[in-house]
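Asker: One structure, as structure tokens, below. Some questions next.
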């Protein structure tokens, strides 16, 4: 389901994805609060289109201002335990990983997904980008279904 919201001008290219982190202290007193703070915290979104005839509005958070865009919840790509990882099944993230240099780290600790929740797998992507898991985890790279709003 699409929503219209305001995002930083640097994020307005169609296809750009971001995780909505909620209100900043700089939002207090802003006249655009209702149009800007209308997404679900912690959810990954994808910009679909910039609204026609919109202008860039001043913003205390975004240095280049904000613009009106259409967004939709986006899927999250993540590494999950291989056992039971198939399209339509539910899976949880394995847990935190301290190995930030690993090419799979962004998928083991993906933005837009929490460790204590289960997510439905939309698609199995395949093998993770690492050659060997430093925590000896047997992982599969999957795409979770977008969040329901």
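Residue numbers (the UniProt record's numbering): 1 to 149. For each residue, glycine too, the CB sits at the ideal point set by N, CA and C. In this text, all values refer to a predicted model and were calculated from it rather than measured experimentally.
Tell me whether residue 113 is buried or exposed, calling it buried when 16 or more other Cβ atoms sit within 10 Å of its Cβ.
Answerer: Indexing the chain shown from 1 puts residue 113 at position 113. By the 10 Å Cβ count, residue 113 comes out buried.
Asker: Pick from 5, 74, 23: whose alpha carbon is nearest that of residue 122?
Answerer: Taking the first residue of the chain shown as position 1, residue 122 is located at position 122. Looking at the Cα atoms, 74 is the closest of the given residues.
Asker: Alpha carbon to alpha carbon, what distance is there between residue 80 and residue 86?
Answerer: Here residue 86 corresponds to residue number 86 of the chain shown, with the count starting at 1. Here residue 80 corresponds to residue number 80 of the chain shown, with the count starting at 1. Going from the Cα of residue 86 to the Cα of residue 80 covers about 10 Å.
Asker: By the three-class DSSP mapping on this structure, what secondary structure does residue 86 have?
Answerer: As a working note, residue 86 is residue 86 in the chain shown. Residue state, collapsed to three classes: coil.
Asker: List the endpoints of the continuous alpha helix (DSSP H) containing residue 33.
Answerer: Here residue 33 corresponds to residue number 33 of the chain shown, with the count starting at 1. Per DSSP, residue 33 belongs to the alpha helix (DSSP H) from 33–36.
Asker: With burial defined as no fewer than 16 other Cβ atoms inside 10 Å of the residue's Cβ, what is the status of residue 128: buried or exposed?
Answerer: Here residue 128 is taken as the residue at index 128 of the chain shown, counted from 1. It is buried - the Cβ of residue 128 has at least 16 other Cβ atoms within 10 Å.
Asker: In the DSSP assignment, find the unbroken alpha helix (DSSP H) run with residue 122 in it and report its ends.
Answerer: As a first step, residue 122 must be located in the chain shown, where it is residue number 122. Premise fails: residue 122 lies in the beta strand (DSSP E), 118–126, not in any alpha helix (DSSP H).
Asker: Measure the Cβ-Cβ separation of residue 11 and residue 36 and say whether it is below 8 Å.
Answerer: By 1-based counting over the chain shown, the position of residue 11 is 11. By 1-based counting over the chain shown, the position of residue 36 is 36. Taking 8 Å as the Cβ cut-off, residue 11 and residue 36 do not qualify as a contacting pair.
Asker: Please report the Cβ distance between residue 44 and residue 111, rounded to the nearest whole angstrom; I am assuming they are in contact, meaning their Cβ atoms lie under 8 Å.
Answerer: On the chain shown, residue 44 is found 44 positions in, with the first residue counted as 1. On the chain shown, residue 111 is found 111 positions in, with the first residue counted as 1. With 8 Å as the limit, residue 44 and residue 111 qualify as a contact, their Cβ atoms being about 7 Å apart.
Asker: Using the three-state DSSP reduction, which class does residue 92 fall into: helix, strand or coil?
Answerer: As a working mapping, residue 92 is identified with position 92 in the chain shown. Strand at residue 92.
Asker: Are the beta-carbon atoms of residue 4 and residue 27 separated by less than 8 Å?
Answerer: Counting from one through the chain shown, the residue named residue 4 turns up at place 4. Counting from one through the chain shown, the residue named residue 27 turns up at place 27. Taking 8 Å as the Cβ cut-off, residue 4 and residue 27 do not qualify as a contacting pair.
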